[in-house]
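Participant:
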Amino acid sequence: GGKLSYSEARKWYAMSAEQGNQDGQYNLSVVLAQGLGCEKDMAQARAWCEKAAAQGQEKAQALLQSLQLQAGGPPASSARRAAASVNDRVSRVLPELAEGREARRAAR
3 GGKLSYSEAR
13 KWYAMSAEQG
23 NQDGQYNLSV
33 VLAQGLGCEK
43 DMAQARAWCE
53 KAAAQGQEKA
63 QALLQSLQLQ
73 AGGPPASSAR
83 RAAASVNDRV
93 SRVLPELAEG
103 REARRAAR
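Residue numbering for the sequence shown follows the numbering used here, starting at 3 and increasing by one per position.
1. Give, in chain order, every unbroken run of the alpha helix (DSSP H) that is at least 4 residues long and sits entirely within the segment 42-66.
2. Apart from the five residues on each side of it in sequence, which residues of its chain come closer than 6 Å, Cβ to Cβ, to residue 98?
3. Inspect the beta-carbon positions of residue 45 and residue 55 and report whether they are closer than 8 Å.
4. Please classify residue 58 as buried or exposed, where buried requires at least 16 other C-beta atoms within 10 Å of its C-beta.
5. Output the distance between the C-alpha atoms of residue 68 and residue 42, rounded to the nearest integer angstrom.
6. DSSP on residue 26, reduced to helix/strand/coil?
7. Is the separation between the beta-carbon of residue 39 and that of residue 15 shorter than 8 Å?
8. By the DSSP assignment, the alpha helix (DSSP H) with residue 7 in it spans what residues?
See the structure below:
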């Protein structure tokens with residue numbers, strides 16, 4: 003095998019990313035953010051990075067924080083705190099909903 007060009011690597015990363023592979027999503031975000039073998043596309047880089055980070059890809063989580071700081075957005079830690087707050091509220095509401103559903107079933 004020979005050396006891959008950046009544009010060829012981008013093609014393979016894109017195919018992997020589109021199939022939901024977190025490493026492919028991260029690698030594609032790096033290629034797009036740096037303009038390797040393509041024009042820089044920070045919006046697409048961030049979108050793919052967010053998908054990889056949401057799946058737990060640690061390098062993507064770090065890159066996402068960097069991209070957010072460059073864009074003047076909130077640090078990823080703020081986003082994580084906001085998500086944790088929502089998850090906390092949901093975890094308190096779900097048991098109440100389940101109890102209500104069980105009560106409706108019992109009343110039938």
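From the three backbone atoms N, C-alpha and C, an ideal C-beta is built for every residue, glycine too.
Facilitator: Taking the structure as given:
1. DSSP runs (the alpha helix (DSSP H)) wholly in the segment 42-66: 44-56.
2. With a pLDDT of only 48 at residue 98, under 50, the local geometry of the prediction cannot be trusted, and the value read off the model is given with reservation. Closer than 6 Å at the Cβ level, and outside the excluded window around residue 98, lies no residue.
3. Cβ distance not < 8 Å, so residue 45 and residue 55 don't count as in contact.
4. Exposed: under 16 other Cβ atoms inside 10 Å.
5. It is roughly 16 Å from the alpha-carbon of residue 68 to the alpha-carbon of residue 42.
6. Reduced to three states, the DSSP call for residue 26 is helix.
7. Residue 39 places its beta carbon 8 Å or farther from that of residue 15.
8. It is not in any alpha helix (DSSP H) - residue 7 carries neither H nor E in the DSSP assignment.
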